[in-house]
Amino acid sequence: MLPGLLSILILIPVLGLLLVLLIPSGKGHLYKYINAFSAFAQLVVCLFVWRNYQTGEDAKAGIVADFQFTEKLDWINMSLGSLGHIKIDYFLGLDGLSMPMVLLSALVMLVGAIASWKITSNQKGYYALYLILSASIMGCFMALDFFLFYLFFELMLLPMYFLIGLWGGPGREYASIKFFLYTLFGSIFILVVIIALVFSVVDPSATAVMAGLAETEAAVTPSILSEVHRMLAVNEIASANIVHSFNMLHMMDQRNFIPGSVLSLMNSYDLFGMAPRLVAFLALFIGFAIKLPAVPVHTWLPDAHVEAPTPVSVILAGVLLKIGSYGILRTAYSMFPEGAIHFAWFIGLLGVISIIYGAFNALAMQDLKKMIAYSSVSHMGFVLLGMASVTVEGINGSIFQMFSHGIISSLLFLIVGVIYDRTSDRMIGSYRGLASKMPVYTTVVTVGFFASLGLPGFSGFIGELFILLGAFRSPSYNLLLPYWMVIVASLGIVIGATYYLWALQRMFFGKFWTKGGDLWYNNLKDLGARELTMTIPLVLLAIFFGLFPGVLFDLMSASSAKLVDWINVNGTQNLEVIQDITR
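Okay, so the sequence shown: first residue is 1 according to the working numbering, each after it adds one.
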């Protein structure tokens with residue numbers, strides 16, 4: 001296996017960025033080709049990684065159990081004097097949670113690169129920001145060091161702010177500022193938890209070296225690690241020899257927590273009336289729920305989508321929303337499993353509210369782009385419901401829904417971009433009978449709508465089905481969710497079918513008519529070669545994963561099952577310990 005494949009996925013857009021910056025503006029026509037080639041190369045490498053990702057009995061762990069293609073290098077080592085040391089690693093890896101998201105990112109970024117060919121103003125700045133965004137998205141899904149993860153997470157904020165604020169619609173300033181402030185607000189919650197975790201968690205291998213138990217980290221054996229954990233538990237390691245860690249996997253192991261630290265399980269601290277670990281879970285959840293977005297912290301999304309240019313809307317819906325749900329699973333659920341149990345009912349309720357609220361808002365929208373934006377709120381609510389169930393079906397369904405929604409929402413926003421490019425009007429009531437004028441476009445729209453509403457045979461159906469199965473199983477499996485949540489969430493599917501079918505009938509069937517009259521009639525041409533290049537692959541993928549979902553389930557099922565077992569076993573035990581201490 002070639003070394004450094006994950007780093008290559010990050011470096012490809014960085015190299016493209018350097019080329020864009022070096023080429024003078026007079027040759028701006030080259031920027032789009034550099035961007036497209038970078039996205040294509042990234043997809044090729046990603047497909048190679050996917051092809052060699054091992055599943056089932058063939059799976060082999062990298063340097064860290066359950067993660068493949070791992071890369072780990074010392075990055076920052078800092079002495080804190082009597083307080084010990086801080087260690088930050090360049091640490092990347094893939095498992096069943098991240099592999100589907102990396103694949104989705106590569107697909108969507110290529111589609112967005114092709115959609116960006118319509119950008120004509122300040123191309124150098126646009127493509128430079130696009131390539132920075134591409135690198136940061138990939139890094140975010142692959143990082144296993146919390147400092148590195150947060151660095152990539154924050155790095156996405158600036159490119160999106162400028163891409164919306166400079167190339168967006170008439171209300172772009174308001175939308176971009178709202179997006180920035182909401183995301184920054186959520187990031188503060190995440191940062192506070194990171195700081196608390198770092199001063200609560202040790203790197204056992206590095207600490208063993210500092211304590212004189214081993215010459216190098218490579219020489220640390222399982223018996224030495226056990227000795228470190230024993231000494232840590234009884235405070236036999238001097239503070240100056242402790243190495244604090246940003247490693248996410250160390251943060252998942254209770255044995256690595258310093259006794260008496262703020263996030264140690266065995267302490268009697270009270271923070272806002274709750275155990276600090278539950279507060280930390282809630283803070284991480286809020287920070288990532290804003291990115292998801294979940295009701296009531298969703299209001300930035302419709303504004304951002306409406307004002308963003310088409311390729312930015314594609315990336316925003318296709319990839320960036322998934323970082324919110326991925327972050328919850330990777331950090332909050334994995335590091336504080338007791339929080340996933342304690343707040344399961346609340347998370348499930350939030351998911352149900354998002355499903356219904358988003359669906360009713362989509363039903364009321366006259367703007368096609370706003371309708372699709374609110375449908376994203378509704379569909380991401382299903383992701384929350386599946387996560388709240390803490391069942392294998394629910395978690396698998398949530399990850400599948402994240403991937404499926406990424407494909408389908410990208411297709412839907414491309415569909416809106418097609419009609420807007422021709423008429424500069426997105427209002428549903430401005431069109432009638434488009435099927436007679438644009439038959440290929442109508443076919444693509446029909447497939448996109450049916451896939452999004454969850455028609456069997458499309459990927460959207462599979463994700464929602466498994467989420468509902470998991471939520472239905474939860475009352476008898478772990479007693480976390482009530483049956484009524486499944487019933488109410490199912491109504492969201494019916495409402496979704498209503499607004500999609502209503503829009504389809506209004507815009508595409510009947511006698512041809514447009515608000516713009518003859519001028520629009522001449523402009524309303526069917527899909528061109530570039531538009532077909534973007535939309536047809538997404539249509540085929542929505543069908544393929546709807547008919548062959550096992551291709552995706554094979555990637556994630558082992559990791560999902562381990563995560564579910566981890567939460568149900570350790571989460572329940574931890575919660576009992578917390579309740580005993582706080583009594």
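Built from N, CA and C at the ideal position, the CB exists for glycine as well.
Proximity to Ser490 across Phe382, Met427, Trp50 peaks at Phe382, based on C-alpha coordinates. Restricting attention to Phe472, Tyr31, Arg422, the CA atom closest to the CA of Asp518 is found in Arg422.
Secondary structure within the segment 222-296: the alpha helix (DSSP H) runs of 4 or more consecutive residues, fully enclosed, are 222-233, 248-251, 276-291 (chain order).
Beta-carbon to beta-carbon, Tyr357 and Val295 are separated by about 5 Å, close enough to satisfy the 8 Å threshold.
With respect to the C-alpha of Leu538, the residue from Glu71, Asn247, Val444 having the closest C-alpha is Val444. With a 10 Å radius around the Cβ and a threshold of 16 neighbouring Cβ atoms, Glu338 comes out buried. Residue nearest to Ile286 within the set Leu249, Gly168, Tyr333, Met402 is Tyr333 (criterion: CA-CA distance).
Where Met78 is concerned, the enclosing beta strand (DSSP E) starts and stops at 68-79. Around Arg506, the same chain offers Ile428, Gly429, Tyr431, Arg432 as residues with beta carbons nearer than 8 Å, after the five sequence neighbours per side are excluded. Taken in chain order, the whole alpha helix (DSSP H) runs of length 4 or more contained in the segment 403-430 number zero.
In this structure, the CA atom of Ala218 is about 13 Å from the CA atom of Asp203. The alpha-carbon of Trp117 is positioned some 16 Å away from that of Phe413. Contact between Val377 and Ser354 holds: their C-beta atoms lie close to 6 Å from each other, under 8 Å.
In the three-state reduction of the DSSP assignment, Ala143 falls in the strand class, which pools E and B. Pairing Thr120 with Thr310, the inter-Cα distance amounts to about 13 Å.
With a cutoff of 8 Å on beta-carbon distance, Val193 and Met138 are scored as not near each other. Membership of Leu94 in the beta strand (DSSP E) is indicated by the continuous run 85-94. In the displayed model, Asp526 falls within coil according to three-state DSSP, outside both helix and strand. Boundaries cannot be given for Thr55, as no alpha helix (DSSP H) includes it and DSSP labels it neither H nor E. Per the coordinates, the alpha-carbon of Tyr161 lies some 20 Å from the alpha-carbon of Leu191. Per DSSP, reduced to three states, the secondary structure at Thr446 is helical. Thr391 carries a coil assignment under DSSP once its states are collapsed to helix, strand and coil.
Residue range 344-364 is occupied by the alpha helix (DSSP H) that includes Gly348. In the three-state scheme derived from DSSP, where H, G and I count as helix and E and B as strand, Val220 is classed as coil. Going by C-alpha positions, Ile578 is about 17 Å away from Ser200.
At the C-beta level, Leu384 and Ile415 stay beyond 8 Å of one another. Secondary structure at Asp203: coil, using DSSP grouped into helix, strand and coil. Closest in C-alpha terms to Ala561, from the list Gly516, Gly470, Val486, Lys511, comes Gly470. If you keep only unbroken alpha helix (DSSP H) runs of at least 4 residues inside the segment 486-524, you get 517-523.
When the beta-carbon positions are compared, Leu349 and Asn247 stay at least 8 Å from each other. Of the other Cβ atoms in all chains shown, fewer than 16 fall within 10 Å of the Cβ of Gly457; this residue is therefore exposed.
Val352 is classed as buried because its beta carbon has at least 16 other beta carbons within 10 Å across all chains shown. The segment 357-373 makes contact with the segment 499-515: 3 or more CB pairs, one atom from each, lie closer than 8 Å.
In terms of Cβ geometry, Gly171 and Glu393 do not form a close pair [threshold 8 Å]. Inter-segment contact for the segment 147-166 and the segment 272-286 is absent: fewer than three beta-carbon pairs are separated by less than 8 Å. Shown here for Pro482: same chain residues with a beta carbon closer than 7 Å to its own, the five before and five after excluded, namely Pro475 in chain order.
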